[in-house]
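Under my numbering, residues 3 to 115 are what the sequence shown spells out, in order.
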Amino acid sequence: MRAVRLTAVALALLFGIPITAQMQEKVDLDAIYKIKDEGLNRSQVMDILSYLTDVYGARLTGSPQIKAAAEWTRKKLMEWELVNVNWSPGALLAAVGRTTTFRRGSSRRPVFR
Numbered sequence: 003m004r005a006v007r008l009t010a011v012a013l014a015l016l017f018g019i020p021i022t023a024q025m026q027e028k029v030d031l032d033a034i035y036k037i038k039d040e041g042l043n044r045s046q047v048m049d050i051l052s053y054l055t056d057v058y059g060a061r062l063t064g065s066p067q068i069k070a071a072a073e074w075t076r077k078k079l080m081e082w083e084l085v086n087v088n089w090s091p092g093a094l095l096a097a098v099g100r101t102t103t104f105r106r107g108s109s110r111r112p113v114f115r
């Protein structure tokens with residue numbers, strides 16, 4: 003009889019613990035609706051993308067365009083009251099490594115090495 007009880011308790015624990023571990027936390031639907039509303043009704047993504055591509059054009063690594071675009075982006079983020087906004091051109095160059103980029107057109111002169 004004792005073995006049956008012990009087995010029943012063991013099975014209850016074995017199957018009961020995973021069920022309690024899967025209990026869902028309460029979701030703040032109000033916050034989700036606010037985020038969706040902001041994204042759908044006041045999104046600035048296309049305006050920012052259009053400005054960056056129209057004003058700064060192609061932004062090759064190390065070019066004046068990428069530096070100007072990064073500075074504009076930094077100012078825009080500070081406008082939105084983000085703090086400690088920095089740009090590190092060295093990090094971008096380190097990520098690229100040693101590559102050769104060629105210009106479009108008839109000449110095959112390397113732009114960067």
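Glycine residues also receive a C-beta, built at the ideal position from the N, C-alpha and C atoms. All values derive from a computational prediction rather than experimental measurement.
Is DSSP giving residue i helix, strand or coil here?
i, result
"Trp82", "coil"
"Ser52", "helix"
"Lys69", "helix"
"Val87", "coil"
"Ala30", "Residue 30 is actually Asp in this sequence, not Ala. If DSSP states are grouped into helix, strand and coil, Asp30 belongs with coil."
"Gly64", "coil"
"Arg115", "Below a pLDDT of 50, predicted positions are generally treated as unreliable, and Arg115, at 48, falls in that range; no measurement from the model is reported."
Going by C-alpha to C-alpha distance, which of the options sits closest to residue i?
i, options, result
"Ala70", "Glu83, Leu54, Met80", "Leu54"
"Ala72", "Met48, Asp39, Val85, Trp89", "Trp89"
Quick one: residues in its chain with C-beta nearer than 7 Å to the C-beta of residue i, no 5 flanking neighbours on either side, listed in chain order?
i, result
"Gln67", "Tyr58, Gly59, Ala60, Arg61"
"Glu40", "none"
To the nearest angstrom, how far is it from the Cα of residue i to the Cα of residue j?
i, j, result
"Ile19", "Leu13", "10 Å"
"Leu79", "Gln26", "35 Å"
"Lys38", "Trp82", "19 Å"
"Thr85", "Ala10", "Strictly speaking, residue 85 in this sequence is Val, with Thr absent from that position. Cα-Cα distance, rounded: 58 Å."
"Tyr35", "Leu42", "10 Å"
"Phe17", "Ala33", "34 Å"
"Leu15", "Met3", "19 Å"
"Leu8", "Leu31", "43 Å"
"Trp74", "Ser65", "15 Å"
"Ala5", "Val29", "43 Å"
Would the C-beta of residue i count as close to the ligand FAD, meaning under 8 Å from any of its heavy atoms?
i, result
"Val47", "The ligand FAD is absent from the structure shown, which contains no ligands of any kind."
Quick one: residues in its chain with C-beta nearer than 6 Å to the C-beta of residue i, no 5 flanking neighbours on either side, listed in chain order?
i, result
"Asp49", "none"
Who are the Cβ neighbours of residue i in its own chain at under 8 Å, not counting the five residues just before and after it?
i, result
"Arg76", "Val87, Asn88, Trp89"
Residue i CB to nearest chain C CB: under 9 Å?
i, result
"Arg44", "Included in the structure is just one protein chain, with no chain C present."
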